[in-house]
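Some notes on the structure that comes next.
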Amino acid sequence: MRLTRWATGMLKKNFLPFVEKFVRRQLTHPSLLNFKTIDRILVVRSHDHLSDYLLSTPVLRALREHFPVAHLALVVRPRAGEAARHCEFINELIVFPERGGEGTPTWRAFLRQLRQGFDLTIVLNTVSHSLTSDLVAHYTKSKHILGPAAFRFPHSSRNFFYDLISPYWEGVKHQTERNLDIVRHIGVDTADHRSIITLLPEECAAGKKFLADAGVTESDLVVAMHIGAGKIRNRWHPENFAAVAGHLQKEYDARVVAIWDAHEQNLGFHFLSSLDFRPILAKGLSVRQIAAIIANCRLFIGNDSGAMQIAAAVKTPLIAIFGANGPEEWKPAGDEFVAIRAASRQCADVAAEQVMELLKSMLAKDIAARRDGDDDFDISDKVFKQYVKALKKS
């Protein structure tokens, strides 16, 4: 891995300035772009993190709003590809080939998909500059390639693979805004900044059946918890999750669904060993299966992670514990998505009691809505007493 990174770094430093002389595109002013001639659009989002992809989905929405009849294709890596499947804004999903990637195409098939005569290719680089994304865009031979001015390669005069280059504003800015800034350069935008995963009716039904098979009824308050995160610094202690889970079970008579990834078995062990009850375990499931289960829950609690973005994308209210990364950049758009962060910017410094306090207001609103007849939820006397108690204290 280190050797590969070293080789890539040397390539960018020593070879790309030479490449620029031959492939550098002449800049196009956005005012010269004729929307009437754009029938086929390709969006390249090759970073594999779910958060990066999901926070870029408003770009797909914006493109569909501005090009309602255009053929819109999307290039992503396999993990993000699962979340992108059936996306209502795109016509074609192109998955990047990866060794051992289940269901990924061959390189020949992948390259053939890229050469479909795209009129506009858009490269969404918002965190770092992906040379792979640029090479994919270049291979398409699109009439126009749009990308950001940020993260210029060493010793390059500019991001030379693009002829349309969007400005980059320094400072703190939400990742969805960063993505939208790229297409705003050509006058494309949307008022809806929410991310999305499009679940099929049968997938939602399967998520509901999973919970029903675990004994969940229509009257149960169901809360999903994802206790892991890809980056260790983003992980809240599993004992804290256990304390909140116990609080939910005792004070709200809630059913808790516990989720963690295959490589996080140790976290799962510590979480379960800190509980005095058995939660519903959702293990060994795909991204879409997890999304369908979370979509059938009243609330999600988790770290700053891809699972948090999944919960927001299926419109499940959430509480997210943030650490090093700022919620002003990574929290999903929406007032029903709440972030909590310690002044130290350390996950460990967020107390379980702080999350319990947030639960009072979030669950009180949920219970009040259901009591007013928003659905057929039959509130128990125990839960209603907790709701009245919370209102008196607020």
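Just so you know, we're using the numbering used here here: the sequence shown kicks off at 23 and counts up by one. Cβ atoms here follow ideal geometry from the backbone N, Cα and C, with glycine treated the same way.
C-beta atoms of residue i and residue j nearer than 8 Å
i      : j      : result
Leu259 : Trp282 : The sequence shown places His at residue 259, not Leu. Not closer than 8 Å, so no.
Arg62  : His93  : yes
Ile302 : Arg320 : no
Arg67  : Asp74  : yes
Thr198 : Glu87  : no
Leu85  : Ser217 : no
Phe140 : Arg47  : no
Phe418 : His151 : The first residue shown for the chain is 23 and the last is 416, placing residue 418 beyond what the model contains.
Gln331 : Gly345 : no
Val91  : Ile144 : no
Phe293 : Phe263 : yes
Asp275 : Leu307 : no
Ala313 : Val336 : yes
Val377 : Ala364 : no
Leu202 : Tyr184 : no
Pro80  : Asp214 : yes
Gly268 : Leu221 : no
Leu72  : Arg101 : yes
Leu96  : Ala105 : no
Tyr190 : Pro170 : yes
Gly356 : Ala334 : yes
Ala374 : Val266 : yes
Arg310 : Glu192 : no
Range covered by the alpha helix (DSSP H) that runs through residue i
i      : result
Phe132 : Trp129 to Leu136
His292 : Gln287 to Ser295
Pro119 : Careful: Pro119 lies outside any alpha helix (DSSP H) and carries neither H nor E.
Thr265 : The sequence given here has Ala at residue 265, not Thr. Start and end: Pro260 to Glu273.
Gln154 : In the sequence as presented, Gln is not what sits at residue 154; that position holds Thr. Counting along the chain, the alpha helix (DSSP H) containing Thr154 begins and ends at Leu153 to Thr162.
Pro301 : Note, Pro301: premise wrong, no alpha helix (DSSP H); not H, not E.
Pro170 : Where Pro170 is concerned, there is no enclosing alpha helix (DSSP H), although the beta strand (DSSP E) it sits in stretches over His166 to Pro170.
Val45  : Leu38 to Val45
Ser150 : Segment: none, Ser150 is in no alpha helix (DSSP H) and carries neither H nor E.
Glu358 : From DSSP, Glu358 is part of no alpha helix (DSSP H); its letter is neither H nor E.
Pro349 : Pro349 to Trp352
Leu72  : Leu72 to Leu76
Endpoints, beta strand (DSSP E) assigned at residue i
i      : result
His248 : Val244 to His248
Arg367 : Where Arg367 is concerned, there is no enclosing beta strand (DSSP E), given that its DSSP letter is neither H nor E.
Val145 : Leu142 to Val145
Pro52  : No beta strand (DSSP E) holds Pro52; DSSP gives it neither H nor E.
Val66  : Arg62 to Arg67
Arg277 : Arg277 to Ile281
Expected contact under 8 Å - CB spacing of residue i and residue j to nearest Å
i      : j      : result
Leu186 : His207 : 6 Å
Gly209 : Pro52  : 7 Å
Asn318 : Leu233 : 6 Å
Leu146 : Ile204 : 6 Å
Ser178 : Glu42  : 6 Å
Arg99  : Phe118 : 5 Å
Ala228 : Ile316 : Not quite, the Cβ-Cβ distance comes to about 13 Å (not below 8 Å), so this is no contact.
Val194 : Glu351 : 6 Å
task = For the region 251-267 and the region 324-335, state whether three or more C-beta atom pairs, one from each stretch, are separated by less than 8 Å.
result = Taking 8 Å as the limit for Cβ pairs, the verdict is that the region 324-335 does touch the region 251-267.
key: Length-filtered (3 minimum) beta strand (DSSP E) runs lying within the region 85-110   = Taking only runs of at least 3 residues, the beta strand (DSSP E) segments lying wholly in the region 85-110 are 93-98.
Length at least 3, wholly inside the region 303-345: the beta strand (DSSP E) runs in chain order = Here the runs fully enclosed are 321-325 and 340-344.
task = Check whether the region 373-386 touches the region 332-346, taking contact to mean three or more Cβ pairs, one atom from each stretch, closer than 8 Å.
result = At 8 Å Cβ cutoff, the stretches touch.
task = Note down, one range per segment and in chain order, each beta strand (DSSP E) of at least 3 residues found wholly within the region 178-261.
result = For secondary structure counted as the beta strand (DSSP E) over 3 or more consecutive residues, the region 178-261 holds these complete runs in sequence order: 186-188 and 244-248.
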